Each structure stands twice: as structure tokens, then as C-alpha cells.
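Position one of the sequence shown corresponds to residue 681 (our numbering), numbered consecutively onward. For glycine and all other residues, C-beta sits at the position ideal for the given N, C-alpha and C. These numbers were taken from a predicted model, which means no experiment stands behind them. Contents: one structure, followed by commentary.
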Amino acid sequence: MKVSEVMTTRVVSVEMDDRLTVVKEILDCVSFHHLLVVEGDELQGIISERDLLRCLSPFLGTEAESVRDTKTIAQRAHQVMSRSPVTVSGDTTIRSALTLMLEHNIGCLPVLKNGNIEGIFTLHDGLRALLDN
Numbered sequence: 681m682k683v684s685e686v687m688t689t690r691v692v693s694v695e696m697d698d699r700l701t702v703v704k705e706i707l708d709c710v711s712f713h714h715l716l717v718v719e720g721d722e723l724q725g726i727i728s729e730r731d732l733l734r735c736l737s738p739f740l741g742t743e744a745e746s747v748r749d750t751k752t753i754a755q756r757a758h759q760v761m762s763r764s765p766v767t768v769s770g771d772t773t774i775r776s777a778l779t780l781m782l783e784h785n786i787g788c789l790p791v792l793k794n795g796n797i798e799g800i801f802t803l804h805d806g807l808r809a810l811l812d813n
């Protein structure tokens with residue numbers, strides 16, 4: 681079975697200069713955990729929910745919030761994204777994609793065709809495919 685058969689084709693992306701407020705707003709409202717970071721139509725990186733939580737102050741929105749805490753949310757996507765993401769094509773087998781994810785300790789793989797984003801393959805997609813077979 682190939683990645684293209686189970687990948688998520690509804691991909692949400694943010695621009696390199698989008699603030700983390702935008703990233704947080706998106707991730708707070710959806711059920712997925714990764715956003716692709718693009719410049720124009722070209723993939724530049726990935727921001728995971730874990731990346732976001734790692735860089736944000738736990739005091740945001742509390743009485744203990746300081747000016748330094750609010751500056752963390754004003755950072756840009758390119759400042760916290762993972763650069764040079766590992767990618768696959770839609771023809772990649774699910775087994776190969778999952779092996780790559782384990783080797784690189786990552787939770788998703790952007791799926792590209794001729795440099796264009798076709799979808800995103802996640803651990804969830806891979807597990808669902810394995811369990812359905």
C-alpha cells in the first residue's frame with residue numbers, strides 16, 4: 681500500500697513570517713498536530729504542536745505573565761520550525777514511510793510531487809492503514 685492512498689490531503693500551512701499567535705490559534709482549533717511552513721508554495725519546514733509548546737511560556741494568559749512571556753508568542757514561524765523536513769513521494773510504501781519516521785524520530789512526512797505539496801502522512805495515517813489491512 682502506498683502513502684498516497686492514506687495520506688491527509690487537506691494540508692494547512694503557515695507562512696515563514698506568521699507569528700506564533702497564528703500557529704497557536706490554528707492548532708488550538710483543529711485535530712491535527714503539524715503545520716507545514718511555506719514560502720510562496722515551497723515547503724520550508726514544519727511546526728509541530730510539541731515545537732510550539734516547547735517555545736511558549738507556560739505563564740501566558742495567567743496572572744504571572746510577564747513581558748518576556750508575551751514576547752515568546754510574538755516569534756515568527758521560521759524561528760521555531762524544523763528546517764529541511766524529511767519528505768516522501770506518494771509512491772512511497774507505508775512501510776518505508778513509517779521506517780523513515782522511526783529513523784528520524786518524527787511524527788509526519790510531507791508528501792511532495794515535483795516539489796509541490798500533495799499531502800501529509802502522519803503516524804496516525806500509518807497506524808490506521810496497518811490496522812485496516
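Supposed close pair residue i, residue j - CB separation, criterion 8 Å
{"i": "Leu700", "j": "Val791", "result": "Not quite, the Cβ-Cβ distance comes to about 25 Å (not below 8 Å), so this is no contact."}
{"i": "Lys682", "j": "Asp771", "result": "6 Å"}
{"i": "Leu723", "j": "Val703", "result": "Not quite, the Cβ-Cβ distance comes to about 16 Å (not below 8 Å), so this is no contact."}
{"i": "Met696", "j": "Arg756", "result": "7 Å"}
{"i": "Gly725", "j": "Ser762", "result": "6 Å"}
{"i": "Val718", "j": "Ser693", "result": "5 Å"}
Unbroken beta strand (DSSP E) run spanning residue i, endpoints
{"i": "Lys793", "result": "788-793"}
{"i": "Glu695", "result": "693-695"}
Terminal residues of the alpha helix (DSSP H) in which residue i lies
{"i": "Gln755", "result": "First-last for Gln755: undefined, no H or E at that position."}
{"i": "His804", "result": "803-812"}
{"i": "Leu736", "result": "Segment: none, Leu736 is in no alpha helix (DSSP H) and carries neither H nor E."}
{"i": "Ser776", "result": "774-784"}
Nonlocal neighbours in the same chain, by C-beta distance under 8 Å from residue i, ignoring five residues either side
{"i": "Leu803", "result": "Leu778, Met781, Gly787, Cys788"}
{"i": "Ala754", "result": "Arg699, Leu700, Thr701"}
{"i": "Asp721", "result": "Asn796, Ile797"}
{"i": "Thr767", "result": "Leu723, Leu789, Pro790, Val791, Leu792"}
{"i": "Thr689", "result": "Glu798, Gly799"}
Close beta carbons around residue i, own chain, < 7 Å, minus the five adjacent residues each side
{"i": "Val691", "result": "Leu716, Ile797, Gly799, Ile800"}
{"i": "Ala809", "result": "Met681, Val686, Ile774"}
{"i": "His784", "result": "Val766"}
{"i": "Ser764", "result": "none"}
Test: residue i CB closer than 9 Å to a CB of chain C
{"i": "Met696", "result": "Absent from the structure is chain C; it holds one protein chain and no more."}
Chain-order list of residues whose beta-carbon lies under 6 Å from that of residue i (same chain, five-residue window excluded)
{"i": "Glu729", "result": "Leu707, His713"}
{"i": "Thr750", "result": "none"}
{"i": "His758", "result": "Met696"}
{"i": "Arg734", "result": "none"}
{"i": "Glu743", "result": "none"}
{"i": "Ser684", "result": "Gly770"}
3 or more residues per run - each beta strand (DSSP E) lying fully within the stretch 699-724
You should have 714-719.
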